[in-house]
Structures are given as structure tokens and as C-alpha cells.
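Student: Here you go, one structure.
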Amino acid sequence: MWARDSLPPAMITFLVLDIIAVGLRGFVRTRMSKSFGYDDWAMCAALIGYVTLCALTFVSIGNGYGADEMRPEWNPVTAVKFFVASTLAYVIVVYIAKISVALVLYRIAVTNKPIRLFLVISMVVLTLWTIVTTLIVAFQCTPLSVAWGEGTGTCLPAYVLANTGYSISAMDIASSFLYAGLPVFLLKGVQLSTRMKASIIVLLGLGVVSSIATVIRLKYLIDVANLTSATGVEAANAYLTTFVYSVTELGLTIFTASLAALRPLLKFLPFGNPHSSNQGYVHSKKKSELRSDMGPPVKLDDLDTSASQEHIIPQGQIQKETQYRVEYSKV
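Residue 74 is where the sequence shown starts when you use the numbering used here, and the numbers rise one by one after that.
Right, dumping it as C-alpha cells:
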């Protein structure tokens with residue numbers, strides 16, 4: 074019952090956070106940086122998938138999935154049916170969210186061909202891995218209707234589903250740490266301040282946070298592997314327990330991946346632009362120092378311009394001022 078009672082608050086919390094984060098991401102990319110790209114489309118698809126997943130799970134719980142005692146108004150067949158659908162949605166949405174993170178890095182590594190090739194290979198591996206795990210979940214019973222108690226047939230042993238969960242978790246953790254570490258190599262040699270590099274690395278590396286929920290879920294997958302049957306109340310409680318951490322992990326993935334695109338919004342915060350307060354002072358100070366080195370002002374009317382303009386400014390009074398302009402690429 075703990076998992077059944079904990080799932081709705083967790084889903085509502087991350088639905089609110091993810092909708093706000095992805096909405097702000099869309100605002101930044103369309104209105105501020107004018108750089109809405111394929112990675113943003115992928116994240117929008119992940120959010121739609123997450124909303125769908127939560128809706129399916131709400132229907133499943135609302136029909137008594139995981140309850141110790143069934144009420145007359147509940148439909149156990151509908152409950153199991155929608156939970157199987159939400160499990161399938163989870164496998165697919167995790168894949169889309171990870172692809173979105175990889176596309177962000179691919180977009181940044183525009184001049185780094187080895188990193189881009191590495192990202193393409195990782196996305197291909199993720200795609201193949203997702204296809205295999207999706208097929209296992211989709212055909213856990215033959216026919217699938219046996220999973221929710223309709224008809225007769227056979228189902229895969231519980232340990233097979235547990236091993237599938239292990240493989241999904243392993244790929245999730247590996248990809249999270251991989252994509253969190255790549256920004257260090259992408260920013261190597263880039264002419265940015267140490268503080269700016271650190272902020273970008275932290276924002277792009279927040280995806281590791283979602284792996285904490287994945288690691289915790291591994292403990293409960295052991296309980297699934299020890300089930301004597303893949304169906305029943307005991308199995309439902311075990312599945313729901315792991316699903317609490319699955320929903321949390323996926324919500325964190327979407328949320329943290331969207332935060333990386335919100336860096337332009339920091340300039341609207343009082344502490345977001347640490348150099349804005351003294352930028353004018355430094356600029357005026359430099360101008361005053363340059364002016365003092367140039368000597369007294371000279372009126373052009375006092376100069377002899379009959380021959381040419383060669384001496385429009387007295388010799389030895391010309392000062393060279395070099396200005397540098399630094400532009401940051403939109404991330």
C-alpha cells in the first residue's frame with residue numbers, strides 16, 4: 074500500500090515541475106535565443122509521453138491496481154491493462170528523454186567530429202536496447218491479454234522481467250554518467266571563464282541526479298526477481314514499488330535536462346549577472362585612464378589644413394585603442 078499511496082503525489086509533483094521547466098525551455102529557445110531545434114522537439118515529445126504515462130497510471134490505480142482488497146466499483150482487468158500500458162510507455166519515454174539529452178550535446182559539439190560520432194553511436198545503441206526491452210515487455214504474455222486475466226496462455230517468468238528491469242537501469246545509469254561527463258571534454262580549450270565553464274558543466278551534468286532514483290530502484294528489482302508468479306497482488310505491489318522510483322527518475326531526467334537550456338534566464342535574477350554591477354565602473358575607469366594618457370585636447374581650428382590633413386592631429390598624440398568583442402554561443 075505504501076507504493077500505491079506514494080505514486081499519485083510523486084506524479085503530480087513532477088508533472089508540475091516538468092511542464093514548467095519544458096515550457097520555460099520553449100520560451101527561451103523560441104523568444105530569446107531563437108534557436109528551437111531537434112533536441113527541443115525531442116524533449117517536448119518526452120514531456121507528452123510522461124503526461125501519457127502518468128494518465129495511464131492514474132487510471133490503473135483508480136481501478137484498484139495494487140490494492141489489498143478490491144472494491145465493487147473497481148475493475149481489476151482495466152487496472153492491470155493500463156499498468157502494462159504505462160510500463161510500455163515508461164520504456165519508450167526514458168529512451169526519448171535520453172535521446173533529447175544526447176541531441177543537446179550533439180548540437181553543442183558542432184566542431185568536434187569525434188564527439189559527434191561517439192554520440193551517434195551511443196544513440197544507436199540506445200535505440201537497439203530500447204527496441205529489445207520494449208518487445209520483451211510487450212510480449213511478456215502470449216497473448217498479452219493473459220497479463221490482465223483475459224484468456225489463456227503463457228507468461229514469461231518473473232525473473233525475466235526483473236532482468237529486463239536490470240538492463241534498463243544499467244543502460245540508464247551508464248548513459249546518464251556518460252552524457253554528464255561529455256561537457257568536460259566539449260568545453261576543453263574553449264575561451265570561457267572558469268566560472269562560466271563550471272556553470273555549464275553543472276547544468277548539463279544534472280542528469281546524474283536522476284540516476285540516484287535508478288540505483289535505489291535496483292534494490293526493489295531484486296524483490297521482483299524473487300516473485301513466484303508474475304501476476305497477482307504480491308506482484309502488483311512489487312511492480313508499483315519499483316514504479317515509484319521509475320516515475321521519479323523519469324521526472325528528474327526531463328526536469329534537469331530542461332534546466333540546461335534556462336541559463337539565459339539567469340540575467341533576470343539579481344545574482345544572475347555578477348559583472349553587471351561593476352561593468353559600467355570598470356568601463357568608465359578604462360576610458361578615463363586612456364583619456365589621461367592622450368594629453369590635452371587639441372582644437373582642429375588651430376591646425377594648418379591648407380596642404381593636407383596629414384597633421385590633423387599633432388604627431389606623438391595619437392593613441393591606439395583596441396576593443397575586444399566576445400560572443401557566447403546559445404546553448
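For each residue, glycine too, the CB sits at the ideal point set by N, CA and C.
(1) Is Leu192 buried or exposed, if buried means 16 or more other CB atoms sit within 10 Å of its CB?
(2) Quick check on Trp114: buried or exposed, where buried means 16 or more other Cβ atoms within 10 Å of its Cβ?
(3) Count the other C-beta atoms from every protein chain shown that fall within 10 angstroms of the C-beta of Lys154, then say buried if there are 16 or more, exposed otherwise.
(4) Tell me whether Tyr168 is buried or exposed, calling it buried when 16 or more other Cβ atoms sit within 10 Å of its Cβ.
(5) Check each candidate in Arg180, Glu307, Val297 and name the one with the smallest Cα separation from Ser108.
(6) Please name the residue, chosen from Met196, Asn136, Ala330, Leu80, that lies closest to Val150 on a Cα-to-Cα basis.
(7) Are the beta-carbon atoms of Thr160 and Tyr318 separated by less than 9 Å?
(8) Can you tell me where the alpha helix (DSSP H) holding Pro187 begins and where it ends?
(9) Bridge partners for Thr227 per DSSP, in chain order?
(10) Can you look up Ser133 in the DSSP assignment and give me helix, strand or coil?
(11) Would you call Asp78 buried or exposed, if buried means 16 or more other Cβ atoms sit within 10 Å of its Cβ?
(12) Between the alpha carbons of Leu335 and Ser249, how many angstroms are there, rounded?
(13) If you draw a straight line from the alpha carbon of Trp202 to that of Phe341, how long is it in whole angstroms?
(14) Using CA atoms only, rank isn't needed, just tell me which of Leu90, Tyr111, Ile134 is closest to Ala76.
(15) Where does Asp296 fall in DSSP's three states?
(16) Just the C-alpha distance for Glu146 and Ala152, rounded to the nearest angstrom, thanks.
(17) Are there 16 or more other CB atoms within 10 angstroms of the CB of Gly96, so buried, or fewer, so exposed?
(18) Find the nearest neighbour of Ala175 within the set Ala128, Ala247, Ala83, Met105, judged by alpha-carbon distance.
(19) Pick helix, strand or coil for Pro145, following the three-state DSSP scheme.
(20) Residues in the same chain with beta-carbon distance under 6 Å from Met244, minus the five sequence neighbours each way, listed in chain order, please.
(21) Could you pull out every residue in the same chain whose Cβ sits closer than 7 Å to the Cβ of Tyr252, ignoring the five residues on either side in sequence?
(22) For Phe156, is the classification buried or exposed, using 16 other Cβ atoms within 10 angstroms of its Cβ as the cut-off for buried?
(23) Since Ala170 and Thr326 are thought to touch, with beta carbons under 8 Å apart, how far apart are those beta carbons, to the nearest angstrom?
(24) So the candidates are Ala94, Ile85, Pro81, Pro82; which of them puts its Cα closest to the Cα of Leu332?
(25) If you draw a straight line from the alpha carbon of Val124 to that of Leu259, how long is it in whole angstroms?
(26) Please state if the CB of Val297 and the CB of Ala231 are separated by a distance shorter than 9 Å.
Tutor: According to the data block:
(1) By 1-based counting over the sequence shown, the position of residue 192 is 119. By the neighbour-count rule (16 or more Cβ atoms within 10 Å), Leu192 is buried.
(2) To locate residue 114, count along the sequence shown from 1; it is residue 41. So Trp114 counts as exposed.
(3) Locating residue 154 in the sequence shown gives position 81, counting from the first residue. Buried, since its Cβ has 16 or more Cβ neighbours within 10 Å.
(4) As a first step, residue 168 must be located in the sequence shown, where it is residue number 95. Around the Cβ of Tyr168, a 10 Å sphere holds 16 or more other Cβ atoms; the residue is buried.
(5) Stepping through the sequence shown from its first residue, residue 108 is reached at position 35. Nearest C-alpha to Ser108: Arg180.
(6) Position 77 of the sequence shown, counted from the start, is the residue given in the question as residue 150. With respect to the C-alpha of Val150, the residue from Met196, Asn136, Ala330, Leu80 having the closest C-alpha is Asn136.
(7) In the sequence shown, residue 160 corresponds to position 87, counting from 1. In the sequence shown, residue 318 corresponds to position 245, counting from 1. The Cβ atoms of Thr160 and Tyr318 do not sit closer than 9 Å to each other.
(8) What you label residue 187 is simply residue 114 of the sequence shown in a count that begins at 1. Here the alpha helix (DSSP H) through Pro187 covers 186-211.
(9) Along the sequence shown, one-based indexing puts residue 227 at 154. According to DSSP, Thr227 bridges with Thr215.
(10) As a first step, residue 133 must be located in the sequence shown, where it is residue number 60. Three-state result, Ser133: helix.
(11) Counting from 1 along the sequence shown, the entry for residue 78 is found at position 5. Burial state of Asp78 is exposed, judged by a 10 Å Cβ sphere holding fewer than 16 other Cβ atoms.
(12) On the sequence shown, position 262 is the one that residue 335 refers to. On the sequence shown, position 176 is the one that residue 249 refers to. C-alpha of Leu335 to C-alpha of Ser249: approximately 20 Å in a straight line.
(13) Taking the sequence shown and counting its residues from 1, the one referred to as residue 202 is at position 129. Taking the sequence shown and counting its residues from 1, the one referred to as residue 341 is at position 268. Trp202 and Phe341: Cα-Cα distance of roughly 42 Å.
(14) Taking the first residue of the sequence shown as position 1, residue 76 is located at position 3. Comparing Cα positions, the closest option is Ile134.
(15) Along the sequence shown, read from residue 1 onward, the residue named residue 296 stands at position 223. In this structure, Asp296 counts as helix in the three-state DSSP scheme.
(16) Within the sequence shown, numbered from 1, the residue matching residue 146 stands at position 73. Within the sequence shown, numbered from 1, the residue matching residue 152 stands at position 79. Spanning the two alpha carbons is a distance of roughly 12 Å.
(17) The residue given as residue 96 occupies position 23 in the sequence shown. Exposed.
(18) Position 102 of the sequence shown, counting from 1, holds the residue named residue 175. Selected option, being the one with the closest Cα: Ala247.
(19) Here residue 145 corresponds to residue number 72 of the sequence shown, with the count starting at 1. DSSP places Pro145 in the coil class of the three-state scheme, outside both helix and strand.
(20) Here residue 244 corresponds to residue number 171 of the sequence shown, with the count starting at 1. Result list for Met244: Trp202, in chain order.
(21) Here residue 252 refers to the residue found at position 179 of the sequence shown. Annotation for Tyr252: Val174, Ala175, Leu178, Gly280 place their beta carbon closer than 7 Å to its own, counting only its chain and skipping 5 residues before and after.
(22) Here residue 156 refers to the residue found at position 83 of the sequence shown. By the 10 Å Cβ count, Phe156 comes out buried.
(23) Here residue 170 corresponds to residue number 97 of the sequence shown, with the count starting at 1. Here residue 326 corresponds to residue number 253 of the sequence shown, with the count starting at 1. Contact holds; Cβ gap of about 5 Å.
(24) For the purposes of this step, residue 332 is taken as the residue at position 259 of the sequence shown. Of the residues Ala94, Ile85, Pro81, Pro82, the one whose Cα lies closest to the Cα of Leu332 is Ala94.
(25) For the purposes of this step, residue 124 is taken as residue 51 along the sequence shown, with counting starting at 1. For the purposes of this step, residue 259 is taken as residue 186 along the sequence shown, with counting starting at 1. Going from the Cα of Val124 to the Cα of Leu259 covers about 33 Å.
(26) Against the sequence shown, residue 231 aligns to sequence position 158. Against the sequence shown, residue 297 aligns to sequence position 224. Cβ atoms of Ala231 and Val297: closer than 9 Å.
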